[in-house]
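Under numbering that gives the first Met the number 0, the very last position in the sequence shown is 569; numbers go up by exactly one each time. Note that beta-carbon positions come from the ideal geometry of N, C-alpha and C, so glycine has one too.
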Amino acid sequence: MAVLKFDKRLKSILLKRGVLTEEVLGEALSKADKDDSSFTKVLLEDDYLKEEDLLTALSEETHLPPIDVFKVQPDESLSTLLPENLAKYYGVIPIAKLGNVLTLAAYNPFDILQLDDIQIVTGCEIRPVLSTEVSIRAAIPELYNKGQKMVNELLDNMSEPDVEVKERTDQEDDISTDDDNQAPVVKLVNLIIVEGIKKKASDIHIEPMEDRIRVRYRVDGMMRETMSPPKKMMSSIASRVKIICGLDIAEKRQPQDGKFQIRLDGRKIDFRVSVLPLIHGEKIVLRILDSGNLSLNLDRLGFEDKALSDIRTAVNQPYGMVLVTGPTGSGKSTTLYSCISEVLSVEDNIVTVEDPVEYELDGVNQVQVNVKRGLTFASALRSILRQDPDTVLIGEIRDLETIEIAVKAALTGHLVFSTLHTNDAPSTITRMVDMGIEPFLAASSVVCVCAQRLAKKICEDCAKPIEQLPSNESLLEFGFSEEDIDRGITLYEPVGCARCERGFKGRFAILETMPLNDPLRRVIIRGGTALDIKDTALSQRMQTLRRVGLLNAMRGRTSFEEVLRVTMGD
């Protein structure tokens with residue numbers, strides 16, 4: 000009924016303005032009725048008049064502005080504000096939203112009830128603009144399938160990689176050749192994974208937003224957004240990742256952890272997966288564990304000469320505890336694996352207990368923690384110590400029971416490597432005491448404490464010296480010494496070129512080492528604070544994280560701003 004009223008109203012307007020004669024309009028209207036077609040469609044497609052003439056007549060009658068819906072690019076978020084089925088039913092398309100005002104392209108501005116319905120559905124004040132029914136119906140798929148179109152373009156341009164997935168069931172699933180695997184969601188997950196490997200990302204984040212999916216890669220410690228698939232694919236993506244990991248696809252309210260392995264270009268790459276329920280869906284994080292990029296050699300980690308000497312001396316001790324501290328993602332595991340490779344020998348029994356086992360090391364006995372089955376760090380350690388180990392690596396010390404067993408092992412002739420979450424080396428000792436270890440046991444068992452951060456390497460091809468340095472007073476506050484200033488300081492800033500990512504290329508480790516000697520042990524046994532321990536360590540020539548970072552900045556290895564970003568002032 001509303002369409003019929005509009006057709007008669009449109010005929011009256013065109014006749015009134017002399018655009019077409021009564022005879023021609025009647026002929027067009029009769030043809031529309033006969034073909035069960037739209038009056039507007041017949042007028043335009045049968046060349047009775049041009050679209051601009053039609054819009055001009057309607058605009059002059061209604062005082063509403065006309066718009067070319069193909070020359071505007073509506074935000075994809077508008078597709079969730081007004082569902083596609085309603086847009087098709089009403090013959091409208093959302094154009095823009097500013098505050099609570101929604102600009103809506105409509106071909107029938109006279110249907111007030113229709114506009115009221117849309118206002119109720121969207122919760123917005125409606126600002127109508129004019130377009131034709133033909134244009135609106137042609138533009139609706141462009142808006143509502145924009146994300147899918149982007150995905151299809153990505154998949155069409157994607158060369159089929161030689162990828163195989165090894166699932167938790169140990170059954171290999173060739174996801175590049177099976178017919179079932181040619182579904183868009185499977186190809187999309189393949190693409191996301193392969194792109195992450197090509198970009199040398201450490202993590203892939205697939206995040207459900209209110210109106211879209213955000214895919215981000217962590218490259219050199221920084222997050223980079225790359226693509227935004229349509230929101231309706233999120234459930235399928237999550238299910239596909241869960242299937243690969245052997246997780247429960249029906250469980251969407253509880254966090255889940257899993258892993259899988261792929262074979263790409265002849266090499267195996269492991270993935271650690273975490274699924275976390277959010278308000279708009281399940282967030283998926285894939286940690287890429289590419290052993291091909293793993294350099295298990297202390298000499299290649301980029302440590303300062305003093306730090307390298309300290310840690311090498313510590314790992315070659317017959318017994319004692321070596322602790323590496325730092326936040327998640329600071330390279331602690333790589334450093335510990337490198338320490339293991341330093342002492343690896345067929346004559347030694349080396350055992351690790353990890354959660355999870357990130358890299359498989361040939362010649363090392365590695366235990367995977369499984370709390371659900373009662374295999375904790377503490378229970379695994381007790382069993383390991385009954386098997387006469389020479390060297391033990393504990394993935395992380397989390398509780399008093401674990402650290403008590405580790406300390407006893409270090410005091411009874413075992414070399415123990417482990418990690419703690421502390422900000423610097425001196426505070427690690429006080430953290431042990433806070434956990435319940437007596438100061439004299441901490442002083443006796445620990446050989447060396449290391450604090451680690453990862454800093455981005457500045458690109459050598461495009462870096463340039465900073466022309467105007469901060470004042471000398473500011474440089475001293477930042478941690479430079481008077482000797483540095485007297486010798487002359489040259490700092491570099493990233494520029495960006497075709498060979499790098501915004502002026503940086505790769506990362507290196509900044510290491511603060513605190514080997515325990517007699518003066519430090521006396522301070523610890525007396526119950527000294529972290530500040531007391533730090534003052535004593537500095538008097539023993541300890542180089543702090545900030546100092547190590549500044550030394551690398553002065554060599555042009557990284558930027559001054561990057562050092563400030565990853566280290567705290569002294």
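#### Entry: N- and C-terminal bounds of the beta strand (DSSP E) containing residue 534
By 1-based counting over the sequence shown, the position of residue 534 is 535. Where residue 534 is concerned, there is no enclosing beta strand (DSSP E), although the alpha helix (DSSP H) around it starts and stops at 529-538.
### Query
Using the rule of at least 16 other Cβ atoms within 10 Å of the residue's Cβ for burial, across every protein chain shown, is residue 65 buried or exposed?
Counted from its first residue, the sequence shown places residue 65 at position 66. Of the other Cβ atoms in all chains shown, 16 or more fall within 10 Å of the Cβ of residue 65; this residue is therefore buried.
### Query
By how many angstroms is the C-alpha of residue 330 removed from the C-alpha of residue 424?
What you label residue 424 is simply residue 425 of the sequence shown in a count that begins at 1. What you label residue 330 is simply residue 331 of the sequence shown in a count that begins at 1. Taking the straight line from one Cα to the other gives about 15 Å.
### Query
From residue 415 to residue 516, what does the alpha carbon distance come to, in whole angstroms?
Along the sequence shown, one-based indexing puts residue 415 at 416. Along the sequence shown, one-based indexing puts residue 516 at 517. The alpha-carbon atoms of residue 415 and residue 516 are separated by roughly 18 Å.
### Message
If you reduce the DSSP assignment to three classes, tell me which class residue 491 lands in.
### Response
Here residue 491 corresponds to residue number 492 of the sequence shown, with the count starting at 1. Strand, per DSSP.
### Burial state of residue 93 (16 or more Cβ within 10 Å)
Taking the first residue of the sequence shown as position 1, residue 93 is located at position 94. Residue 93 should be labelled buried.
### Query
Does the pairing of the region 349-368 with the region 386-396 give three or more beta-carbon distances under 8 Å?
Result yes; three or more Cβ-Cβ pairs closer than 8 Å.
### Message
Measuring straight from C-alpha to C-alpha, what distance separates residue 361 and residue 473?
### Response
Looking up residue 361 in the sequence shown gives position 362. Looking up residue 473 in the sequence shown gives position 474. One Cα belongs to residue 361, the other to residue 473, and the distance between them is close to 50 Å.
### Query
In this structure, does DSSP put residue 72 in helix, strand or coil?
Here residue 72 corresponds to residue number 73 of the sequence shown, with the count starting at 1. Shown here, residue 72 sits in coil according to DSSP, grouped into three states, outside any helix or strand.
### Query
For residue 514 versus residue 312, is the C-beta distance shorter than 8 Å?
Within the sequence shown, numbered from 1, the residue matching residue 514 stands at position 515. Within the sequence shown, numbered from 1, the residue matching residue 312 stands at position 313. Yes, Cβ-Cβ distance for residue 514 and residue 312 is below 8 Å.
#### Entry: Segment contact, 8 Å Cβ cut-off, at least three pairs: the region 325-342 with the region 424-434
They do not touch, by the three-pair rule.
### Task
State the Cα-Cα distance for the pair residue 193 and residue 85, rounded to the nearest angstrom.
Within the sequence shown, numbered from 1, the residue matching residue 193 stands at position 194. Within the sequence shown, numbered from 1, the residue matching residue 85 stands at position 86. Each residue's alpha carbon lies about 38 Å from the other.
### Query
If you run the structure through DSSP and keep just helix, strand and coil, what is residue 364?
What you label residue 364 is simply residue 365 of the sequence shown in a count that begins at 1. In the structure shown, residue 364 sits in a strand (DSSP, three-state: E or B).
### Task
Leaving out five residues on either side along the sequence, give the residues of the same chain with a beta carbon under 7 Å from the beta carbon of residue 71.
Position 72 of the sequence shown, counted from the start, is the residue given in the question as residue 71. Around residue 71: 94.
### Query
Is DSSP giving residue 48 helix, strand or coil here?
Start at 1 with the first residue of the sequence shown, and residue 48 comes out as number 49. Residue state, collapsed to three classes: coil.
### Message
Taking the straight line between their C-alpha atoms, what separation do you get for residue 506 and residue 488?
### Response
Taking the sequence shown and counting its residues from 1, the one referred to as residue 506 is at position 507. Taking the sequence shown and counting its residues from 1, the one referred to as residue 488 is at position 489. Taking the straight line joining both Cα atoms gives about 23 Å.
### Query
Which parts of the region 280-337 are runs of the beta strand (DSSP E), unbroken and 3 residues or longer, counting only runs that do not cross its ends?
The qualifying runs are 280-288, 319-324.
### Task
Identify which residue in 432, 497, 344 has its Cα closest to the Cα of residue 389.
Working through the sequence shown from its first residue, we reach residue 389 at position 390. Considering only alpha carbons, the answer is 344.
### Query
What is the DSSP secondary structure of residue 497, counted as helix, strand or coil?
Numbered from 1 along the sequence shown, position 498 holds the residue referred to as residue 497. In the three-state reduction of the DSSP assignment, residue 497 falls in the coil class.
### Query
Exposed or buried, residue 511, counting other C-beta atoms within 10 Å across all chains shown (16 or more means buried)?
The count along the sequence shown starts at 1 and reaches residue 511 at position 512. Residue environment: residue 511 is assigned as buried (16 or more neighbouring CB atoms within 10 Å of its CB, all protein chains considered).
### Query
Per DSSP, what kind of secondary structure is residue 471 in: helix, strand or coil?
For this step, residue 471 is matched to residue 472 along the sequence shown. In the three-state scheme derived from DSSP, where H, G and I count as helix and E and B as strand, residue 471 is classed as helix.
### Query
According to DSSP, what are the bridge partners of residue 369?
The residue given as residue 369 occupies position 370 in the sequence shown. For residue 369, DSSP records a beta bridge to 374.
### Query
According to the neighbour-count rule (16 or more other Cβ atoms, all chains shown, within 10 Å of its Cβ), is residue 41 buried or exposed?
On the sequence shown, position 42 is the one that residue 41 refers to. By the Cβ-count criterion, residue 41 is buried, with 16 or more other Cβ atoms from all chains shown falling within 10 Å of its own Cβ.
### Query
Since residue 447 sits in a beta bridge, which residues does DSSP pair it with?
In the sequence shown, the residue the question calls residue 447 occupies position 448. Bridge partners of residue 447: 321, 514.
### Query
Is the region 198-207 close to the region 215-230, with three or more CB pairs under 8 Å?
Verdict: yes, contact present.
### Task
Report yes if the C-beta distance between residue 496 and residue 460 is below 8 Å; otherwise report no.
By 1-based counting over the sequence shown, the position of residue 496 is 497. By 1-based counting over the sequence shown, the position of residue 460 is 461. Yes, the pair counts as a contact, with Cβ atoms nearer than the cut-off.
### residue 216 - partner residues in DSSP beta bridges
As a first step, residue 216 must be located in the sequence shown, where it is residue number 217. Answer is 203, 223, bridged to residue 216.
#### Entry: Which residues DSSP lists as bridging residue 416, in chain order
As a working note, residue 416 is residue 417 in the sequence shown. Per DSSP, the beta-bridge partners of residue 416 are 321, 392.
### Query
Where does residue 36 sit, in a helix, a strand or coil, going by DSSP?
Your numbering for residue 36 matches position 37 in the sequence shown. Residue state, collapsed to three classes: coil.
#### Entry: Cα-Cα separation between residue 558 and residue 242, rounded to whole angstroms
By one-based count along the sequence shown, residue 558 stands at place 559. By one-based count along the sequence shown, residue 242 stands at place 243. In this structure, the CA atom of residue 558 is about 43 Å from the CA atom of residue 242.
### Task
Report the three-state DSSP secondary structure of residue 345 (helix, strand or coil).
Mapped onto the sequence shown, residue 345 falls at position 346. Three-state DSSP puts residue 345 in coil, outside helix and strand.
### Message
Quick check: what's the CA-CA separation for residue 498 versus residue 504?
### Response
Counting from 1 along the sequence shown, the entry for residue 498 is found at position 499. Counting from 1 along the sequence shown, the entry for residue 504 is found at position 505. One C-alpha to the other measures close to 8 Å.
### Query
residue 248 and residue 238: beta carbons closer than 8 Å?
The sequence position of residue 248 within the sequence shown is 249, counting from 1. The sequence position of residue 238 within the sequence shown is 239, counting from 1. Result yes, Cβ atoms of residue 248 and residue 238 sit closer than 8 Å.
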